[in-house]
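Trainee:
Protein chains: 4
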Amino acid sequence: MFPSVVLRSPGMVQKVLKSFQTEGGYDMLVLPGLKVVNSEEGRVRAEFTVEKQHLNRLQSVHGGLLATVVDVGGSLALASKGLYATGVSTDINISYISGAKEGQVVTIDCRCDKLGKTLAFTSVELSSNGRLVAIGRHNKFVAQAYAHPENEIGNKK
Amino acid sequence: MFPSVVLRSPGMVQKVLKSFQTEGGYDMLVLPGLKVVNSEEGRVRAEFTVEKQHLNRLQSVHGGLLATVVDVGGSLALASKGLYATGVSTDINISYISGAKEGQVVTIDCRCDKLGKTLAFTSVELSSNGRLVAIGRHNKFVAQAYAHPENEIGNKK
Amino acid sequence: MFPSVVLRSPGMVQKVLKSFQTEGGYDMLVLPGLKVVNSEEGRVRAEFTVEKQHLNRLQSVHGGLLATVVDVGGSLALASKGLYATGVSTDINISYISGAKEGQVVTIDCRCDKLGKTLAFTSVELSSNGRLVAIGRHNKFVAQAYAHPENEIGNKK
Amino acid sequence: MFPSVVLRSPGMVQKVLKSFQTEGGYDMLVLPGLKVVNSEEGRVRAEFTVEKQHLNRLQSVHGGLLATVVDVGGSLALASKGLYATGVSTDINISYISGAKEGQVVTIDCRCDKLGKTLAFTSVELSSNGRLVAIGRHNKFVAQAYAHPENEIGNKK
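Quick look at the structure:
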């Protein structure tokens, strides 16, 4: 699933994730344990463990937490293209396919489907124990992201 | 926007919200301040104030938090039909229309579009200072929700 | 549902619909009978009758046709803001709530949720015989639409 | 992309597509040229050529036609699991990534993400000339599909 494409800026995905977890409030609150496992240009694999604080009253992982993972995962996919600034969200959708319980490790496969001048499109698949948990997409407005001095995207028109 | 339909079980929406905020972990973690303002059969108006812990690194409300609001809001719309058990999510989508900053009060208008025997469909609109912040839908699988003894739905086939 | 806002360019919605039905191929093929019933700034009500050619093999209206209605309906909502050029689609979603059979008249309520400089957001509700048939949203990229000479939007900034 | 899994009923996808194109009206009207290229259990590759009747007034393929492709493609993915009856749609979403012009061949990769007792989840990717054109998902209610005598699904619980 991860073709042999060298990530232009191998530290960028980690750097952006760290920024999420320190500069805002919500990422640190809900997903302090999210980790990047692997990244190549346009693709990121991350994971987290379902904690008690991620559960709904049915003791399954909360749909809002999984939607947050689609949000963050799509942004990390853009970071893997060399963007430090990853734009603002325009649309997120998610289908819930199976539940996950406390203690399960959830793998997050993130893909940049297109990084255009104005809009970016990403797909995120969540799985655990070999089963799909959820699938979503996250689209972002990136026109103003290209100006950020910490980007490492070469001469992107 | 709120027609004069008497809510069959006026306390149900409050009861379900309280259950969310005490029996799981995520609702209490991220939205302890969510309040129901008004409810009638099929419609609920709720609100919350954007806190520091709701922000992304751009200091705007995090898309994952807003998706969580669509999740919770759709469930409360089902509660307003008399359901204590509100099923499990199948799909959530959300369009992000404008941002919201720390301290802004966000109004959440939730509507049950259909409560069927197997599936339920809900719509949720978030606004603040007279502007739309986001619009979403939350669909749920409710076939097994009807058996819950705390429901107050009469003889729903 | 239709507040007393005067449509700045009352003929624009009709003009754009006519353009759809004559300058492309798909709108004429599948929805030659779509009619605008009413329009105000930001809102359009249209309708069509389910024909035999709109059916799936279960003899119910085809999901692809209803998605096409969400597409067209969202564009007409933008036309009601004075745009002759209505941009290109970025996202469409639709939830199917109840079926519709041949001969049923389907009412289409279209709303412009936001018309920004780059993106526009619209909502479309389809109903028939007093029941919701489907609900969807249609988001468009409109940055290049503003330059069209046939727009009637004043000095939109 | 196509793992070596033997399709239990190799003719089913073709049979279902033929049924779409003869028993309803819409599939024959808009996509008489849709062809199945390859199918394995849970995956189908199909294609069609963009015709003049598929265009919008910008002379690009109409978003409603592409949404129809997501609809049909998801159903064919279910057929590849042995279902002759493929249920009814509950949700379709689609992101439009790049346009396609008259004469372009569009490849449709369809995947069944889950086939449950009540609900089924599918993903569909459309590409042309090596570029993504659109990505979508199509979810269906399949509880009543299992009773169809022409299914070839063994003893699916």
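Residue numbers (full-length UniProt numbering), protein chains in the order written: chain P, 1 to 157; chain V, 1 to 157; chain S, 1 to 157; chain Y, 1 to 157.
Ideal Cβ positions, reconstructed from N, Cα and C, are used throughout, including at glycine.
1. Is the segment 52–71 of chain S in contact with the segment 34–52 of chain Y, if contact means three or more CB pairs nearer than 8 Å?
2. Whose Cβ in chain S lies nearer than 8 Å to the Cβ of T118 of chain P?
3. Under 8 Å by Cβ, that's how I've got V50 of chain V and V124 of chain V pegged, so tell me the actual separation to the nearest angstrom.
4. If I measure Cβ to Cβ from N56 of chain P and keep anything under 6 Å in the same chain, skipping five residues before and after, which residues do I get?
5. Going by DSSP, what residues sit across from G64 of chain S in a beta bridge?
6. Would E152 of chain V and G42 of chain V qualify as a contact pair, given that the criterion is a beta-carbon distance under 7 Å?
7. Name the residue from V:S19, V:N139, V:V44 and V:Q14 whose alpha carbon lies nearest to the alpha carbon of L126 of chain V.
8. With respect to the beta strand (DSSP E) encompassing T90 of chain P, which residues constitute its N-terminal and C-terminal limits?
9. Using a C-beta cutoff of 7 Å, does S128 of chain Y count as contacting chain P?
10. So who's on the other strand from S123 of chain Y, going by DSSP bridges?
11. Whose CA, out of V:M12, V:K18, V:E47 and V:A77, lies closest to the CA of V133 of chain V?
12. Near S98 of chain Y, which residues of its chain fall below 6 Å by C-beta distance, leaving aside the five closest residues on each side in sequence?
13. For a test of the three-state rule: what should DSSP assign to Y146 of chain Y, helix, strand or coil?
14. In whole angstroms, give me the CA-to-CA distance for F2 of chain S and Q21 of chain Y.
15. Just the chain S side, please: which residues come within less than 8 Å of D91 of chain P by C-beta, in chain order?
16. For R111 of chain S, which residues in the same chain have their Cβ closer than 7 Å to its Cβ, ignoring the five residues on either side in sequence?
17. Tell me the residue span of the alpha helix (DSSP H) that contains K15 of chain V.
18. Mind checking if L66 of chain Y is an interface residue toward chain P, Cβ cutoff 7 Å exclusive?
19. Check whether the Cβ atoms of A100 of chain V and V16 of chain V lie closer than 7 Å to each other.
20. Which residue comes first and which comes last in the beta strand (DSSP E) that contains V37 of chain S?
21. Suppose you measure from the CA of Q104 of chain S to the CA of I92 of chain S; what does that come to, to the nearest Å?
22. Between M28 of chain P and Y96 of chain Y, what straight-line distance do the alpha-carbon atoms span, to the nearest angstrom?
23. At a Cβ threshold of 7 Å, is L31 of chain P touching chain Y?
24. Does any C-beta atom of chain Y lie closer than 7 Å to the C-beta of K81 of chain P?
25. Check for me: the beta strand (DSSP E) holding V44 of chain S runs from which residue to which?
26. If you reduce the DSSP assignment to three classes, tell me which class L76 of chain S lands in.
27. Provide the residue span of the alpha helix (DSSP H) that contains L29 of chain P, from first to last.
28. So is A85 of chain P buried or exposed if we call it buried at 16+ other beta carbons inside 10 Å?
29. For the segment 94–117 of chain Y, enumerate the residues whose C-beta is nearer than 8 Å to any C-beta of chain S, in chain order.
30. Tell me the rounded alpha-carbon separation between T118 of chain P and D109 of chain V.
31. With which residues is R131 of chain S paired in a DSSP beta bridge?
32. Quick check on the burial criterion: 16 or more other C-beta atoms within 10 angstroms. Buried or exposed for S4 of chain S?
33. Which same chain residues end up closer than 8 Å to P32 of chain S when comparing Cβ atoms and leaving out the 5 residues on each side of it in sequence?
34. Apart from the five residues on each side of it in sequence, which residues of its chain come closer than 6 Å, Cβ to Cβ, to I135 of chain V?
35. I'd like the list of long-range same chain contacts for P149 of chain P, defined as Cβ closer than 6 Å, with 5 residues on each side in sequence excluded.
36. Can a CB atom of chain Y be found closer than 7 Å to the CB of S52 of chain S?
Mentor: Quick look at the numbers:
1. no
2. Residue numbering aside, residue 118 of chain P sits at position 118 when the first sequence is read from its first letter. Going along chain S in sequence order, the residues near T118 of chain P (Cβ under 8 Å) are T118, F141 and A143.
3. Taking the first residue of the second sequence as position 1, residue 50 of chain V is located at position 50. Taking the first residue of the second sequence as position 1, residue 124 of chain V is located at position 124. At roughly 16 Å, the Cβ-Cβ gap does not stay under 8 Å, so V50 of chain V and V124 of chain V are not in contact.
4. For the purposes of this step, residue 56 of chain P is taken as residue 56 along the first sequence, with counting starting at 1. Cβ within range, chain order: H62.
5. Translated into the one-based positions of the third sequence, residue 64 of chain S becomes position 64. G64 of chain S pairs with nothing; no bridge assigned.
6. Within the second sequence, the letter at position 152 stands for residue 152 of chain V. Within the second sequence, the letter at position 42 stands for residue 42 of chain V. No; because the gap between Cβ atoms is not below 7 Å, this pair is not in contact.
7. On the second sequence, residue 126 of chain V is found 126 positions in, with the first residue counted as 1. Taking only the C-alpha atoms, the option nearest L126 of chain V is V:V44.
8. What you label residue 90 of chain P is simply residue 90 of the first sequence in a count that begins at 1. Here the beta strand (DSSP E) through T90 of chain P covers V88 to Y96.
9. Stepping through the fourth sequence from its first residue, residue 128 of chain Y is reached at position 128. Answer no: the Cβ-Cβ gap between S128 of chain Y and chain P never drops below 7 Å.
10. Locating residue 123 of chain Y in the fourth sequence gives position 123, where the first residue counts as 1. S123 of chain Y pairs with Y:R111 and Y:R137.
11. Reading the second sequence from its first residue, position 133 is the one you call residue 133 of chain V. With distances taken between Cα atoms, V133 of chain V lies closest to V:E47.
12. Here residue 98 of chain Y is taken as the residue at index 98 of the fourth sequence, counted from 1. Excluding sequence neighbours, S98 of chain Y sits near R131 and V133.
13. For the purposes of this step, residue 146 of chain Y is taken as the residue at position 146 of the fourth sequence. Helix.
14. Stepping through the third sequence from its first residue, residue 2 of chain S is reached at position 2. Stepping through the fourth sequence from its first residue, residue 21 of chain Y is reached at position 21. For F2 of chain S, the predicted structure reports a pLDDT of 46, less than 50, and the residue's modelled location is therefore unreliable. The matter cannot be settled from this model.
15. Residue mapping note: residue 91 of chain P aligns to position 91 of the first sequence, counting from 1. Neighbours of D91 of chain P on chain S, chain order: T90, D91 and N139.
16. The sequence position of residue 111 of chain S within the third sequence is 111, counting from 1. Hits under 7 Å: G42, R43, A77, T122 and S123.
17. Reading the second sequence from its first residue, position 15 is the one you call residue 15 of chain V. Its alpha helix (DSSP H) spans residues M12 to E23.
18. Residue 66 of chain Y sits at position 66 when you count from the first residue of the fourth sequence. So, not an interface residue.
19. In the second sequence, the residue the question calls residue 100 of chain V occupies position 100. In the second sequence, the residue the question calls residue 16 of chain V occupies position 16. No, the pair does not count as a contact, with Cβ atoms beyond the cut-off.
20. As a first step, residue 37 of chain S must be located in the third sequence, where it is residue number 37. That run of the beta strand (DSSP E) goes K35 to E40.
21. Here residue 104 of chain S refers to the residue found at position 104 when the third sequence is read from its first residue. Here residue 92 of chain S refers to the residue found at position 92 when the third sequence is read from its first residue. Roughly 24 Å between the two C-alpha positions.
22. The count along the first sequence starts at 1 and reaches residue 28 of chain P at position 28. The count along the fourth sequence starts at 1 and reaches residue 96 of chain Y at position 96. In a straight line, the C-alpha of M28 of chain P is about 32 Å away from that of Y96 of chain Y.
23. Counted from its first residue, the first sequence places residue 31 of chain P at position 31. No, L31 of chain P lies away from the interface with chain Y (no Cβ there is under 7 Å from its Cβ).
24. The sequence position of residue 81 of chain P within the first sequence is 81, counting from 1. No, no contact with chain Y.
25. Counted from its first residue, the third sequence places residue 44 of chain S at position 44. It spans R43 to T49 - the beta strand (DSSP E) in which V44 of chain S sits, taken as one unbroken run.
26. Start at 1 with the first residue of the third sequence, and residue 76 of chain S comes out as number 76. Correct three-state label for L76 of chain S: helix.
27. Translated into positions along the first sequence, residue 29 of chain P becomes position 29. Note, L29 of chain P: alpha helix (DSSP H), Y26 to V30.
28. What you label residue 85 of chain P is simply residue 85 of the first sequence in a count that begins at 1. It counts as buried.
29. I94, S95, Y96 and G99
30. As a first step, residue 118 of chain P is located in the first sequence; it is residue number 118 there, counting from the start. As a first step, residue 109 of chain V is located in the second sequence; it is residue number 109 there, counting from the start. Going from the Cα of T118 of chain P to the Cα of D109 of chain V covers about 31 Å.
31. Here the question's residue 131 of chain S lines up with position 131 in the third sequence. For R131 of chain S, which the question treats as bridged, DSSP gives the partners S:S128.
32. The residue you call residue 4 of chain S lines up with position 4 of the third sequence. At S4 of chain S, the pLDDT of 46 sits below 50, so the modelled position is not reliable; the number obtained from the coordinates is stated separately. Counting Cβ neighbours within 10 Å, S4 of chain S comes out exposed, since fewer than 16 surround it.
33. As a working note, residue 32 of chain S is residue 32 in the third sequence. Cβ neighbours of P32 of chain S beyond the five flanking positions: Q21.
34. On the second sequence, residue 135 of chain V is found 135 positions in, with the first residue counted as 1. For I135 of chain V, where only same-chain residues beyond five positions count, the Cβ hits under 6 Å are S95 and E125.
35. One-based indexing of the first sequence puts residue 149 of chain P at position 149. Nothing meets the Cβ criterion.
36. The residue you call residue 52 of chain S lines up with position 52 of the third sequence. Checking the displayed sequence, the identity of residue 52 of chain S turns out to be Lys instead of Ser. A Cβ of chain Y is located within less than 7 Å of the beta carbon of K52 of chain S.
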